[in-house]
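To keep things clear, I will list the structure first and then write my remarks on it.
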Amino acid sequence: MATGPTCNVPEHQRRPGNPICIGLAAFAIGAFMLGLYNTGLVIHLPQSIMGVALGTAGMGQFVAGIGELLIGNTFGGTTMLTYAGFWFSFGIMFSSGGGFLAAAEAAGKHELEMCLGLWQIAFSIPSLIYFIATFKQPVVMRFVLLQVFLAFFLGGLGAFTGVSGITQAAGWITFTLSITAWYVMAALLLAEEKVANLPVI
């Protein structure tokens with residue numbers, strides 16, 4: 056008696072993938088680069104982050120956001136698409152074709168700092184809401200969104216006040232955010248592949 060074709064793909068790989076892993080990986084890479092830029096430790100040109108911002112962080116989080124919405128996760132989709140917008144806006148603002156840098160240079164350093172401060176504070180507002188929304192989620196997810204909020208808020212505050220120490224603090228928080236995001240991504244991936252179970256409280 057003829058039988059239908061068999062599927063040799065493991066059971067856990069027949070399900071739709073978890074889009075948040077893509078988003079976390081993309082966000083971590085972007086945060087790693089941006090954090091080190093803001094600390095002034097390694098790089099000093101914002102244009103050096105544009106490729107990662109547009110090609111990895113922005114695109115990865117955009118794809119992850121759409122994927123989260125398709126599986127019914129409104130929170131995941133909203134957060135991912137919000138931060139995809141951040142990375143896309145970063146790439147546009149600091150590209151020569153965007154027109155922002157030329158206009159900011161003509162207006163002077165003070166106007167540039169005010170624009171950058173307002174831009175970051177604008178993203179800190181939804182980040183605070185997202186952080187509050189994680190209060191019933193694992194602690195590590197709360198920590199991720201807390202770091203995101205603090206990075207945006209302190210980055211904006213540093214730009215508004217011109218205090219470089221505040222901007223550098225935002226950079227270090229962004230850098231540690233990348234490590235936290237990579238950890239959550241690793242925990243999800245390794246658990247799904249049945250390799251290891253990293254503690255996620």
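Heads up: the sequence shown runs through residues 56 to 256, numbered per our numbering. All C-beta atoms, glycine included, are put in the ideal place defined by N, C-alpha and C. Treat the numbers as computed from the prediction; the structure is a model and nothing was measured.
Residues in the same chain with beta-carbon distance under 7 angstroms from residue i, minus the five sequence neighbours each way, listed in chain order, please.
i, result
"residue 179", "204, 207, 208, 211"
"residue 175", "207, 210, 211, 214"
"residue 236", "79, 82, 83, 86, 199"
"residue 228", "202, 205, 206, 209"
"residue 188", "130"
"residue 244", "76"
I'd like to check one pair, residue j with residue i: are the Cβ atoms closer than 9 angstroms?
i, j, result
"residue 95", "residue 192", "no"
"residue 74", "residue 123", "yes"
"residue 220", "residue 91", "no"
"residue 102", "residue 150", "yes"
"residue 113", "residue 141", "yes"
"residue 120", "residue 135", "yes"
Using the rule of at least 16 other Cβ atoms within 10 Å of the residue's Cβ for burial, across every protein chain shown, is residue i buried or exposed?
i, result
"residue 104", "buried"
"residue 106", "exposed"
"residue 160", "exposed"
"residue 89", "buried"
"residue 162", "exposed"
"residue 218", "exposed"
"residue 216", "exposed"
"residue 125", "exposed"
If you draw a straight line from the alpha carbon of residue i to that of residue j, how long is it in whole angstroms?
i, j, result
"residue 137", "residue 202", "16 angstroms"
"residue 130", "residue 153", "30 angstroms"
"residue 168", "residue 195", "32 angstroms"
"residue 164", "residue 170", "10 angstroms"
"residue 251", "residue 76", "16 angstroms"
"residue 184", "residue 133", "11 angstroms"
"residue 246", "residue 157", "48 angstroms"
"residue 172", "residue 144", "14 angstroms"
"residue 72", "residue 233", "22 angstroms"
"residue 230", "residue 248", "27 angstroms"
"residue 128", "residue 70", "16 angstroms"
"residue 99", "residue 108", "16 angstroms"
Apart from the five residues just before and just after residue i, which ones in its own chain have a Cβ nearer than 6 angstroms to its Cβ?
i, result
"residue 177", "none"
"residue 155", "148"
"residue 197", "189"
"residue 255", "193, 195, 242"
Start and end of the alpha helix (DSSP H) containing residue i?
i, result
"residue 89", "74 to 94"
"residue 197", "194 to 216"
"residue 118", "114 to 125"
"residue 190", "Residue 190 -> no alpha helix (DSSP H), and no H or E assigned at all."
"residue 239", "219 to 247"
"residue 134", "129 to 148"
"residue 156", "155 to 162"
Say yes only if the C-beta of residue i is nearer than 8 angstroms to one or more non-hydrogen atoms of the ligand ADP, and no if none qualify.
i, result
"residue 153", "No copy of the ligand ADP occurs in the structure displayed, which carries no ligand at all."
In its own chain, which residues sit with a C-beta less than 8 angstroms from the C-beta of residue i, not counting the 5 before and 5 after it?
i, result
"residue 166", "159"
"residue 238", "195, 253"
"residue 97", "91"
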